[in-house]
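In UniProt numbering, the protein residues as written are 1 to 71.
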Amino acid sequence: MECKIIPEKCIACGLCQVYAPDVFDYTEEGIVLFKNKPEALSITVDSQNAETVTTAYRKCPVHAIELAKSL
């Protein structure tokens, strides 16, 4: 699964890190970034984190997370 973040939409609510702490982190301003690849705007999510990332995607109130199936 591919996961894309849209930092411009992020309101720093913290829900994505609550639901998927192994994948998401934040800048000093509280804006979402990927924990292991802070410069990236998209990553491939492994099966171990797929469920938590999907939950974070569903809970994001401003749709700053997008998901797509990997090819």
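Don't be surprised by glycine CBs; every beta carbon is placed ideally from N, CA and C.
Just so we're clear, the structure is a prediction, and the values are computed from it rather than from any experiment.
Segment limits, beta strand (DSSP E) that includes residue i
{"i": "E29", "result": "That residue, E29, is in no beta strand (DSSP E); it is neither H nor E in DSSP."}
{"i": "L67", "result": "65 to 68"}
{"i": "K4", "result": "2 to 5"}
{"i": "S42", "result": "42 to 44"}
Test item: CB-CB of residue i and residue j under 8 Å
{"i": "V45", "j": "C3", "result": "yes"}
{"i": "I31", "j": "A12", "result": "yes"}
{"i": "D25", "j": "K35", "result": "yes"}
{"i": "M62", "j": "A20", "result": "Note that residue 62 is Val in the sequence shown, not Met. No, these two residues do not count as a Cβ contact at 8 Å."}
Residue i Cβ short of 7 Å to the ligand NAP heavy atom set
{"i": "V53", "result": "Looking at this structure, you won't find the ligand NAP or any other ligand, since it has none at all."}
Range of the contiguous alpha helix (DSSP H) that encloses residue i
{"i": "E51", "result": "50 to 59"}
{"i": "C16", "result": "15 to 19"}
When the options are compared against residue i, the one with the closest alpha-carbon
{"i": "M1", "options": "N49, N36, K37, A40", "result": "N49"}
{"i": "C60", "options": "T52, E8, C16", "result": "C16"}
{"i": "I43", "options": "E8, L67, P7, G14", "result": "L67"}
Beta bridge counterpart(s) of residue i as assigned by DSSP
{"i": "D25", "result": "L33"}
Presumed contact (8 Å Cβ cut-off) between residue i and residue j, rounded CB distance
{"i": "L41", "j": "I65", "result": "Actually they do not touch by this definition, with Cβ atoms about 11 Å apart."}
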